[in-house]
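Engineer: Handing you a structure now.
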Amino acid sequence: MEKVVIVTGAAGVLGGAVARAFGKVGDKVLVADINPPPLQDLVALLNQGPGQAISCQVDIRDYDQVNGMVQQAIAKWKRLDVIACIAGQGLGRLSREKKEKLVIEHTDDDWDLVMETNLKGTFHCIKAVAEPFMAQRDGHIIIMGSGTGSRGRVRASSYATTKAGLYGLMKSAALELGEHNIKVNVVNPGRVMHAGDVLDQRIVQENTLKRISEPSEVGDFYVHLSRMKQVSGQIFNLDSRIIF
Ligand SMILES: NC(=O)c1ccc[n+]([C@@H]2O[C@H](COP(=O)([O-])OP(=O)(O)OC[C@H]3O[C@@H](n4cnc5c(N)ncnc54)[C@H](O)[C@@H]3O)[C@@H](O)[C@H]2O)c1
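Pasting the structure below:
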């Protein structure tokens, strides 16, 4: 049966891929992002079928906006089955200077920006869907993590902190919401390229399969996990690194 899905961060590389994967199997998808222009093409593509789509501008740092996004999906399709919490990033993409920084170079504002987006934003998403999911005694919350949350990375202290924090948030929410049949999991996608990125050969070598992750494969995994009935509280690594 087709599902009603929200994808945050849908203007980005992974959010777009996840939205397309749900659309491909006929799901109804609300695509959301703080940066709405790229969502227009995505909505047009998804509305070619077999799925359907609408878009929503949202800043996940603001609970009222997140709740409005959830209500928009429910008003349109009368239910909600899945939220894919993908919006977020590190200082290199989130900050105005687009610069990653050493821990000693971070200002309080830098730190707060990454915490508010990745951690508080995901908390807002969980909180906003909990009530409708409890009412229908079903739902999937699938959070985008990162292996950097386990391994750490130079110039990514704030980012790594949030991604490690998401593991605790996910496990606690899974424990609390399990009795309502709500599934909560984290997916670590592995390294995925952005336009203009230079491939770091060290990452290729760290992967036992000597290749990096494909956004479409990450999207297909989200769809698969959203159909599972007995899996919650788990962290899935979608690459072939075995170093954490
Ligand atoms: N690309 C990778 O190699 C990689 C690896 C591990 C984890 N991840 C995670 O995957 C997710 C998506 O990454 P991506 O590579 O597609 O990045 P991206 O920059 O292409 O997409 C991130 C999206 O989030 C949106 N966003 C940022 N702040 C927001 C806010 N406050 N409210 C709503 N939307 C907001 C951005 O506008 C952007 O469209 C992130 O959580 C990232 O940490 C990516």
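Heads up, the final residue of the sequence shown is numbered 305 in my numbering, and it's a clean run with no missing numbers. Idealized CB from N, CA, C, for every residue including glycine.
(1) Between Val65 and Gly182, what straight-line distance do the alpha-carbon atoms span, to the nearest angstrom?
(2) Any heavy atom of ligand 1 closer than 7 Å to the Cβ of Val119?
(3) For Val248 versus Gly294, is the C-beta distance shorter than 8 Å?
(4) Let me know the alpha helix (DSSP H) ranges lying completely inside the segment 173-232, each 4 residues or longer, listed in chain order.
(5) Which one or two residues does DSSP pair with Ile135 in a beta bridge?
(6) In the DSSP output, what is Val247 paired with across the bridge?
(7) Hey, Ile147 and Asp120 are a contact pair by Cβ (cut 8 Å); roughly how many whole angstroms apart?
(8) Where does Val279 fall in DSSP's three states?
(9) Quick one: is the Cβ of Ala72 within less than 7 Å of any heavy atom of ligand 1?
(10) Heavy atom of ligand 1 less than 7 Å from the Cβ of Ile147, yes or no?
(11) Need the endpoints of the alpha helix (DSSP H) that Leu107 sits in, please.
(12) Do the segment 147-162 and the segment 208-221 meet, that is, are 3 or more Cβ pairs less than 8 Å apart?
(13) Whose C-alpha, out of Asn242, Ile273, Arg252, Gln262, is nearest the C-alpha of Ser287?
Structural biologist: Taking the definition as stated:
(1) If I take the Cα positions, the gap works out to 21 Å.
(2) yes
(3) no
(4) Here the runs fully enclosed are 182-197, 209-212.
(5) Note: Ile135 sits in no beta bridge, so no partner.
(6) Ile204, Ile296
(7) At roughly 15 Å, the Cβ-Cβ gap does not stay under 8 Å, so Ile147 and Asp120 are not in contact.
(8) helix
(9) yes
(10) yes
(11) First-last of the alpha helix (DSSP H) with Leu107: 98-107.
(12) Flag = yes, the segment 147-162 and the segment 208-221 touch.
(13) Asn242
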